[in-house]
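Residue 113 in numbering that gives the first Met the number 0 sits at position 114 of the sequence shown, with consecutive numbering throughout.
Notes for the one structure printed next.
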Amino acid sequence: MGHGAHQLISFSHPETIGFTVLRDPVDRIISHYYFVLKSPRHYLHQEVVSRRMSLIDYATSNLSGELRNNYVTRFIGVDAAEAERNANESVTAVIDALRRYAVVGVTDRVSLAIEKLSKIANLPNDYSGERHNVNRGRVARDQIPQETKRLIEEVNFLDMRLYEWVRAGAP
């Protein structure tokens with residue numbers, strides 16, 4: 000469990016079932032921005048508010064490693080600049096790590112991942128589809144200008160490649 004769980008999978012019990020769900024990188028950045036805006040205790044709040052940063056300014060700012068290829072960099076334990084210098088190798092390394100998981104899904108299809116996990120683990124599938132930890136008051140992805148979404152995708156191009164690989168049905 001957690002952002003570094005994949006590093007422990009080879010040390011876990013042989014019957015452990017690896018399970019992870021990735022979020023659409025664009026949606027993650029949008030949500031992160033609105034969360035920071037409404038959270039005075041967040042370490043980025045003061046800077047974002049004082050600079051009156053728009054979503055596009057925030058997403059392209061490099062204020063934090065969380066804003067640029069977060070999935071890929073966390074999975075392979077390098078900073079964004081290094082991951083981006085070796086783009087193909089970085090994404091391949093994450094894909095290789097995810098291939099050791101029994102179930103890899105995406106949030107917009109989480110019910111499919113839960114269904115697969117339930118079958119593999121012989122568990123009842125009582126998933127209701129209820130969403131938790133929802134950032135209320137944020138702007139929905141479909142309300143964001145296309146150019147802003149394109150720039151977020153561009154900044155997070157490694158995460159987008161990984162996300163599309165998972166969304167296409169891998170592994």
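From the three backbone atoms N, C-alpha and C, an ideal C-beta is built for every residue, glycine too.
Task: Residue-level contact to chain C via CB, V109, 9 Å cutoff - done: Checking the listed chains, one finds no chain C in this structure; it contains a single protein chain.
Open item on the list: If you follow the beta strand (DSSP E) that L7 is in, where does it begin and where does it stop?
Closed with: Within the sequence shown, residue 7 is the residue found at index 8, counting from 1. For L7, there is no enclosing beta strand (DSSP E), as DSSP marks it with neither H nor E.
- [ ] Please list the segments of the alpha helix (DSSP H) lying wholly inside the stretch 95-160, counting only runs of 4 or more residues, in order along the chain.
- [x] You should have 109-120 and 145-154.
Task: Cβ shell of V102 (< 6 Å), same chain only, five flanking positions each side left out - done: Counted from its first residue, the sequence shown places residue 102 at position 103. These residues qualify, in order along the chain: F18, A112, K115 and L116.
Open item on the list: I'd like the span of the alpha helix (DSSP H) that includes L54, first residue to last.
Closed with: Along the sequence shown, one-based indexing puts residue 54 at 55. Segment L54 to A58, the alpha helix (DSSP H) holding L54.
Open item on the list: Quick check on the burial criterion: 16 or more other C-beta atoms within 10 angstroms. Buried or exposed for K148?
Closed with: Indexing the sequence shown from 1 puts residue 148 at position 149. Counting Cβ neighbours within 10 Å, K148 comes out buried, since at least 16 surround it.
- [ ] Could you tell me which residues DSSP pairs with F18 in its beta bridges?
- [x] Counting from 1 along the sequence shown, the entry for residue 18 is found at position 19. DSSP, once it has assigned bridges, lists V102 as partnering F18.
Task: Coil, strand or helix - H44 by DSSP - done: Counted from its first residue, the sequence shown places residue 44 at position 45. If DSSP states are grouped into helix, strand and coil, H44 belongs with the helices.
Open item on the list: Rounded to the nearest angstrom, what separates D95 and R51 at their Cα positions?
Closed with: Taking the sequence shown and counting its residues from 1, one reaches residue 95 at position 96. Taking the sequence shown and counting its residues from 1, one reaches residue 51 at position 52. Rounded to the nearest angstrom, the two C-alpha atoms are 40 Å apart.
Task: Inter-residue Cα distance where the pair is G104 and Y162 - done: Here the question's residue 104 lines up with position 105 in the sequence shown. Here the question's residue 162 lines up with position 163 in the sequence shown. Spanning the two alpha carbons is a distance of roughly 9 Å.
Task: For R73, three-class secondary structure by DSSP - done: Within the sequence shown, numbered from 1, the residue matching residue 73 stands at position 74. Three-state result, R73: helix.
Open item on the list: With H, G and I counted as helix, E and B as strand and the rest as coil, what does DSSP make of R67?
Closed with: Along the sequence shown, one-based indexing puts residue 67 at 68. Note: R67 maps to coil in three-state DSSP.
Open item on the list: Within 10 Å of its beta-carbon, does R98 have 16 or more other beta-carbons around it, so buried, or fewer, so exposed?
Closed with: If you number the sequence shown from 1, residue 98 lands on position 99. Counting Cβ neighbours within 10 Å, R98 comes out exposed, since fewer than 16 surround it.
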